[in-house]
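K.L.:
Dropping the structure in here first, questions after.
Residue numbers (this note's numbering): -12 to 275.
Okay, structure coming up:
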């Protein structure tokens, strides 16, 4: 099993520095993608992944930096040779969104289906997550969901377990016990993070009310320092800081230093197309 960071930035604004948040987990040649922000298909191809090998898409919540290309990802994989149905898993209203995507793109898809391709809609197998528990179990890979704290939306984190390791992806969340429990003993925790001292780089020029925006961050997101606390409490081996906000202006060293204040394991500041193998992670000390 291998983790590939497709996009390491957070928030919906396009950026030249970091792509929109998404990760791929490759298991026995099959590709599973968590979150599908803008440009996810291009990022997957840039990482050397074959879109026709896509077998699962997991959406953590319905903010557009996490789902903007949900339909496009499978639609583009379809044009790249995908013929195997893809399990798509996420909160309500994922099923309705799937049908609406196909309807929205009917002019294009009807033409391409007339050229002999299978029905695009037949490649989507949506399943809506409404509670914690196992949401996928096939081919030696088990995926478990836990509800996390990202008001006002329903949001979930996902844990991927196989014989070759365990990877947890937080999605967007404030620090919460449910995520700590989900991540207990995992090899890699991919956790969102923001840098509180650098938020002016995000808010300068925003068209949102800054006080409301910052109130949202305090109640619905996690500082890099608190991500370290979560990783320590969960006893994970590696913390990969992800969904980084702001996307530019903070050095990798600063991200790592903030999280390392409370976590003694391996800390990585994610970058686009970074690859991590759970089996190759070396923890500096077993007592952390």
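Virtual Cβ for every residue (Gly too), placed ideally from N, Cα, C.
Note that this is a predicted model, so its numbers are computed, not measured.
By the three-class DSSP mapping on this structure, what secondary structure does residue 141 have?
P.N.:
By one-based count along the chain shown, residue 141 stands at place 154. In this structure, residue 141 counts as strand in the three-state DSSP scheme.
K.L.:
Whose C-alpha, out of 55, 1, -11, is nearest the C-alpha of residue 235?
P.N.:
Here residue 235 refers to the residue found at position 248 of the chain shown. If we check each option's Cα against that of residue 235, 1 comes out closest.
K.L.:
State the DSSP-derived secondary structure class of residue 0, mapped to helix, strand or coil.
P.N.:
Start at 1 with the first residue of the chain shown, and residue 0 comes out as number 13. The answer is coil: DSSP assigns residue 0 none of H, G, I, E or B.
K.L.:
Within the continuous alpha helix (DSSP H) that includes residue 91, where are the two ends?
P.N.:
Here residue 91 refers to the residue found at position 104 when the chain shown is read from its first residue. It spans 81 to 91 - the alpha helix (DSSP H) in which residue 91 sits, taken as one unbroken run.
K.L.:
Taking the Cβ atom as the reference point for each residue, do residue 10 and residue -7 lie within a distance shorter than 8 Å?
P.N.:
The residue given as residue 10 occupies position 23 in the chain shown. The residue given as residue -7 occupies position 6 in the chain shown. Their beta carbons are under 8 Å apart, which means residue 10 touches residue -7 by this criterion.
K.L.:
Can you give the Cα-Cα distance for residue 101 and residue 73, rounded to whole angstroms?
P.N.:
Here the question's residue 101 lines up with position 114 in the chain shown. Here the question's residue 73 lines up with position 86 in the chain shown. The straight-line gap from Cα to Cα measures roughly 21 Å.
K.L.:
Could you tell me whether the Cβ atoms of residue 265 and residue 127 are closer together than 8 Å?
P.N.:
Residue 265 sits at position 278 when you count from the first residue of the chain shown. Residue 127 sits at position 140 when you count from the first residue of the chain shown. Cβ atoms of residue 265 and residue 127: not closer than 8 Å.
K.L.:
Between which two residues does the alpha helix (DSSP H) holding residue 219 run?
P.N.:
Within the chain shown, the letter at position 232 stands for residue 219. That run of the alpha helix (DSSP H) goes 211 to 221.
K.L.:
Verify whether the separation of the beta carbon atoms of residue 182 and residue 270 is less than 8 Å.
P.N.:
The residue labelled residue 182 in the question sits at position 195 within the chain shown. The residue labelled residue 270 in the question sits at position 283 within the chain shown. Contact: no.
K.L.:
With distances taken between CB atoms, is the gap from residue 170 to residue 155 smaller than 8 Å?
P.N.:
For this step, residue 170 is matched to residue 183 along the chain shown. For this step, residue 155 is matched to residue 168 along the chain shown. Contact: yes.
K.L.:
Would you list the residues sitting across from residue 226 in a DSSP beta bridge?
P.N.:
Taking the chain shown and counting its residues from 1, one reaches residue 226 at position 239. Answer is 176, 254.
K.L.:
Does residue 150 have its Cβ less than 8 Å from a Cβ in chain B?
P.N.:
No chain B appears in this structure, which consists of one protein chain only.
K.L.:
What is the rounded straight-line gap between the Cα of residue 14 and the Cα of residue -4?
P.N.:
Taking the chain shown and counting its residues from 1, the one referred to as residue 14 is at position 27. Taking the chain shown and counting its residues from 1, the one referred to as residue -4 is at position 9. The straight-line gap from Cα to Cα measures roughly 24 Å.
K.L.:
What are the partner residues of residue 30, as DSSP defines its beta bridges?
P.N.:
The count along the chain shown starts at 1 and reaches residue 30 at position 43. According to DSSP, which records beta bridges pairwise, residue 30 is partnered with nothing at all.
K.L.:
By a C-beta neighbour count over all protein chains shown, 10 Å radius and 16 as the cutoff for buried, is residue 172 buried or exposed?
P.N.:
Along the chain shown, one-based indexing puts residue 172 at 185. Residue 172 comes out exposed.
K.L.:
Could you check the C-alpha separation between residue 29 and residue 20 for me, to the nearest Å?
P.N.:
Stepping through the chain shown from its first residue, residue 29 is reached at position 42. Stepping through the chain shown from its first residue, residue 20 is reached at position 33. Going by the C-alpha atoms only, they are around 13 Å apart.
K.L.:
By DSSP's criteria, residue 267 is part of a beta bridge. Which residues make up the other side?
P.N.:
Along the chain shown, one-based indexing puts residue 267 at 280. None; residue 267 has no bridge partner.
K.L.:
Is the CB-CB distance between residue 218 and residue 252 below 8 Å?
P.N.:
If you number the chain shown from 1, residue 218 lands on position 231. If you number the chain shown from 1, residue 252 lands on position 265. Yes, Cβ-Cβ distance for residue 218 and residue 252 is below 8 Å.
K.L.:
Which of the three DSSP states is assigned to residue 68 in this structure?
P.N.:
Numbered from 1 along the chain shown, position 81 holds the residue referred to as residue 68. Three-state result, residue 68: coil.
K.L.:
Go through the region 120 to 166 residue by residue and report every complete run of the beta strand (DSSP E) that reaches 3 residues or more, in order.
P.N.:
Those beta strand (DSSP E) runs which fall completely within the region 120 to 166 and span 3+ residues are 120 to 125, 128 to 137, 140 to 149, 152 to 156.
K.L.:
Does the structure place the region 98 to 113 close enough to the region 221 to 233 that three or more beta carbon pairs sit under 8 Å?
P.N.:
Short answer: they don't touch.
K.L.:
Specify the secondary structure class of residue 50 as computed by DSSP and reduced to three states.
P.N.:
Walking along the chain shown from the start, residue 50 turns up at place 63. Looking at residue 50 - three-state DSSP - the assignment turns out to be coil, as it is neither helix nor strand.
K.L.:
Please determine, among 263, 180, 185, the residue with the shortest C-alpha to C-alpha distance to residue 247.
P.N.:
In the chain shown, residue 247 corresponds to position 260, counting from 1. Looking at the Cα atoms, 180 is the closest of the given residues.
K.L.:
By a C-beta neighbour count over all protein chains shown, 10 Å radius and 16 as the cutoff for buried, is residue -2 buried or exposed?
P.N.:
Your numbering for residue -2 matches position 11 in the chain shown. With 16 or more Cβ atoms within 10 Å of its Cβ, residue -2 is classed as buried.
K.L.:
Can the beta-carbon of residue 105 be found closer than 8 Å to that of residue 53?
P.N.:
In the chain shown, residue 105 corresponds to position 118, counting from 1. In the chain shown, residue 53 corresponds to position 66, counting from 1. In this structure, residue 53 does not lie closer than 8 Å to residue 105 by Cβ.
K.L.:
Does DSSP put residue 249 in a helix, in a strand, or in coil?
P.N.:
To locate residue 249, count along the chain shown from 1; it is residue 262. Of the three classes helix, strand and coil, the one that applies to residue 249 here is coil, per DSSP.
K.L.:
Could you check where the beta strand (DSSP E) with residue 9 kicks off and where it finishes?
P.N.:
On the chain shown, residue 9 is found 22 positions in, with the first residue counted as 1. Residue 9 -> beta strand (DSSP E) spans 9 to 14.
K.L.:
My output table needs one value for residue 75: the three-state DSSP class, helix, strand or coil.
P.N.:
Position 88 of the chain shown holds residue 75. DSSP places residue 75 in strand when its eight states are reduced to three.
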